[in-house]
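Asks:
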Amino acid sequence: MTDSRTSIERAHALDGTARAIEAHYRDWASTYDRDVLGERYDAPEFMCELFVELSAQWPRGARERASLLDAGCGTGLIGAALARHGRYALDGFDLSEEMVERARGTGA
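Just so we're on the same page, this note's numbering is the position in the sequence shown counted from 1, plus 13.
1) To the nearest angstrom, report how far apart residue 14 and residue 37 are at their CA atoms.
2) With residue 50 as the anchor, note down where its alpha helix (DSSP H) starts and where it stops.
3) Spatial neighbours of residue 89 within its chain, please: C-beta separation below 6 angstroms, excluding the five flanking residues on both sides.
4) Could you tell me if residue 42 is buried or exposed, where buried requires 16 or more neighbouring beta carbons within 10 angstroms of its beta carbon?
5) Going by beta carbon distance, what residues of the same chain come within less than 6 angstroms of residue 33, once the five residues before and after it are set aside?
6) Are there 16 or more other CB atoms within 10 angstroms of the CB of residue 80, so buried, or fewer, so exposed?
7) Buried or exposed: residue 55, going by 16 or more other Cβ atoms within 10 Å of its Cβ?
8) Let's see if you can read the secondary structure: which residues bound the beta strand (DSSP E) around residue 102?
Here you go:
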């Protein structure tokens with residue numbers, strides 16, 4: 014991919030087909046984190062803070078027993094953010110195996 018802005022704009026313009034999505038993110042996987050974090054993408058941290066806040070209202074021990082699913086996990090930014098907030102059972106999947114490989118590398 015060329016630059017972060019172009020990659021992000023292309024992602025927003027995808028037609029919604031699995032083939033197009035997989036191809037775009039496969040090609041973008043190597044620079045995705047740098048590109049989106051360079052644009053101050055804070056959704057993973059926001060979602061984790063929201064989860065921590067909401068799950069604090071659950072019965073004692075429920076959060077520790079919860080199994081979480083990150084659908085469209087990409088490079089694992091949410092998993093990495095969750096790891097900063099504690100230890101959680103997290104599974105993720107994504108159309109792009111290249112993105113999933115990067116997520117596996119985070120250890121989250």
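We put the CB at the ideal spot given by N, CA and C, even for glycine. This one's a predicted model, so the numbers in the text were calculated from it and none came from an experiment.
Replies: Result, derived from the coordinates:
1) Taking the first residue of the sequence shown as 1, we reach residue 14 at position 1. Taking the first residue of the sequence shown as 1, we reach residue 37 at position 24. With a pLDDT of only 44 at residue 14, under 50, the local geometry of the prediction cannot be trusted, and no value is derived from it.
2) Locating residue 50 in the sequence shown gives position 37, where the first residue counts as 1. Unbroken alpha helix (DSSP H) run through residue 50: 45–51.
3) Your numbering for residue 89 matches position 76 in the sequence shown. Excluding sequence neighbours, residue 89 sits near 116, 119, 121.
4) For the purposes of this step, residue 42 is identified with residue 29 of the sequence shown, where counting begins at 1. Burial call: buried.
5) Stepping through the sequence shown from its first residue, residue 33 is reached at position 20. Correct list, in chain order: 27.
6) Working through the sequence shown from its first residue, we reach residue 80 at position 67. That one is exposed.
7) To locate residue 55, count along the sequence shown from 1; it is residue 42. When all chains shown are included, residue 55 counts as exposed.
8) For the purposes of this step, residue 102 is taken as the residue at position 89 of the sequence shown. Under the DSSP assignment, residue 102 falls in the beta strand (DSSP E) whose first and last residues are 102–106.
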